[in-house]
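**Student:** Sequence order for the protein chains is G and R. Number 162 marks the last residue of the first sequence (this note's numbering); no jumps. Number 343 marks the last residue of the second sequence (this note's numbering); no jumps.
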Amino acid sequence: MATTQPRPNTEGAKRGYSDEELNHIYELGRFCLENGDFRRAEVILSGLNDVAPEYSPAWLGTCCVQNSNKNYESAVVAAKQALRAEPESIEAMLFLSCSLLTIKDFNAAGSYLGEVGERLEGGSLKSPNLLRFYKAQLARYQNR
Amino acid sequence: MKRSIYSPPDPFTLSPMVSLLPVRGKIGKLEGLTSSLYARFEKVSALQSEVGSSTKLGAAKRSNAEAAMLKQVLDWLSLKPQETAGEAEE
Numbered sequence: 019m020a021t022t023q024p025r026p027n028t029e030g031a032k033r034g035y036s037d038e039e040l041n042h043i044y045e046l047g048r049f050c051l052e053n054g055d056f057r058r059a060e061v062i063l064s065g066l067n068d069v070a071p072e073y074s075p076a077w078l079g080t081c082c083v084q085n086s087n088k089n090y091e092s093a094v095v096a097a098k099q100a101l102r103a104e105p106e107s108i109e110a111m112l113f114l115s116c117s118l119l120t121i122k123d124f125n126a127a128g129s130y131l132g133e134v135g136e137r138l139e140g141g142s143l144k145s146p147n148l149l150r151f152y153k154a155q156l157a158r159y160q161n162r
Numbered sequence: 254m255k256r257s258i259y260s261p262p263d264p265f266t267l268s269p270m271v272s273l274l275p276v277r278g279k280i281g282k283l284e285g286l287t288s289s290l291y292a293r294f295e296k297v298s299a300l301q302s303e304v305g306s307s308t309k310l311g312a313a314k315r316s317n318a319e320a321a322m323l324k325q326v327l328d329w330l331s332l333k334p335q336e337t338a339g340e341a342e343e
């Protein structure tokens, strides 16, 4: 499963919401996604994107929702927003690569996968599931 | 090691992207924020009625998304916060 990670300070772009409020509301969105309630998850995550555009996890959740709705271009936009909000996020890079592969933008996907690969060599990819997901996307890229 | 047939499926195999989403908070703690979230909802609803009569479409769209989000959260809290929150924290 995913692990708790620190996130950059986003004060000033949250329309008065505290970090605690954002985190707990996001958790409800994630809970809905895990339980297949994509409609409710979409509404919650979309609201978070509006009140806190610099809150990367909500964009990642939106990317999942858009992929499940087969809105692949919107999934790419959401993943790009997640990466813009948190440029070092490996999840954001992988979600972006996955979405780019789906819309057949292999060059861009390859460059993000290469960046993740470099971090992998540097030993900064510790989660086994992230590694599994990276390998799956790499296989998709190599079999294009 | 071989998995037991009675063990739950690996979340990654069911939905890889969802299983990779970072964990940032605790759903069970939302209950403690009910009053502040309700106050926000009332404020946004009041703002919506003001903005609705003006031509600021961007502001109207933003407050609609925020109100819809808060409504979903408050609806969920009023449904069965104890049981579902307990499940989520497991």
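Even glycine gets a Cβ: it sits at the ideal position worked out from N, Cα and C.
Below 8 angstroms, can you find three or more Cβ-Cβ pairs linking the stretch 261 to 271 of chain R to the stretch 94 to 101 of chain G?
**Tutor:** With the cut-off at 8 angstroms, the stretch 261 to 271 of chain R and the stretch 94 to 101 of chain G do not touch.
**Student:** Among G:A70, G:D68, G:V69 and G:Y44, whose alpha-carbon lies nearest the alpha-carbon of A59 (chain G)?
**Tutor:** Here residue 59 (chain G) refers to the residue found at position 41 when the first sequence is read from its first residue. Minimum Cα distance to A59 (chain G) is reached at G:Y44.
**Student:** When the Cα of A154 (chain G) is compared with those of G:N53, G:L112 and G:S142, which residue comes out closest?
**Tutor:** As a working mapping, residue 154 (chain G) is identified with position 136 in the first sequence. Per the Cα distances, G:L112.
**Student:** Using a Cβ-Cβ cut-off of 8 angstroms, state whether E109 (chain G) counts as contacting chain R.
**Tutor:** For this step, residue 109 (chain G) is matched to residue 91 along the first sequence. Yes, because at least one Cβ of chain R sits closer than 8 angstroms to the Cβ of E109 (chain G).
**Student:** Between D123 (chain G) and chain R, is there a C-beta pair that is closer than 8 angstroms?
**Tutor:** Position 105 of the first sequence, counted from the start, is the residue given in the question as residue 123 (chain G). False, the Cβ-Cβ gap to chain R never drops below 8 angstroms.
**Student:** If you draw a straight line from the C-alpha of E109 (chain G) to the C-alpha of P261 (chain R), how long is it?
**Tutor:** Taking the first residue of the first sequence as 1, we reach residue 109 (chain G) at position 91. Taking the first residue of the second sequence as 1, we reach residue 261 (chain R) at position 8. Rounded to whole angstroms, E109 (chain G) to P261 (chain R) spans 25 angstroms at the Cα level.
**Student:** Along chain R, which residues have their Cβ under 8 angstroms away from the Cβ of E139 (chain G)?
**Tutor:** Residue numbering aside, residue 139 (chain G) sits at position 121 when the first sequence is read from its first letter. In chain order: nothing, as chain R lies at least about 20 angstroms away.
**Student:** Who are the neighbours of E45 (chain G) on chain R, taking C-beta pairs under 7 angstroms?
**Tutor:** Translated into the one-based positions of the first sequence, residue 45 (chain G) becomes position 27. R277, G278, K279 and I280, listed in chain order.
**Student:** Bridge partners for V134 (chain G) per DSSP, in chain order?
**Tutor:** As a first step, residue 134 (chain G) must be located in the first sequence, where it is residue number 116. Looking at the DSSP assignment, V134 (chain G) forms no beta bridge with any residue, so it has no partner.
**Student:** Tell me whether A96 (chain G) is buried or exposed, calling it buried when 16 or more other Cβ atoms sit within 10 Å of its Cβ.
**Tutor:** The residue labelled residue 96 (chain G) in the question sits at position 78 within the first sequence. Flag for A96 (chain G) reads buried.
**Student:** With burial defined as no fewer than 16 other Cβ atoms inside 10 Å of the residue's Cβ, what is the status of Y73 (chain G): buried or exposed?
**Tutor:** Residue mapping note: residue 73 (chain G) aligns to position 55 of the first sequence, counting from 1. Y73 (chain G) comes out buried.
**Student:** At the 8 angstroms Cβ level, is L78 (chain G) part of the contact set with chain R, yes or no?
**Tutor:** Stepping through the first sequence from its first residue, residue 78 (chain G) is reached at position 60. Yes, contact with chain R.
**Student:** Does N89 (chain G) come within less than 8 angstroms of chain R when only Cβ atoms are used?
**Tutor:** On the first sequence, position 71 is the one that residue 89 (chain G) refers to. No, N89 (chain G) lies away from the interface with chain R (no Cβ there is under 8 angstroms from its Cβ).
**Student:** For S145 (chain G) and F124 (chain G), I'd like the C-alpha separation in whole angstroms.
**Tutor:** Position 127 of the first sequence holds residue 145 (chain G). Position 106 of the first sequence holds residue 124 (chain G). Cα to Cα, the separation comes out at about 25 angstroms.
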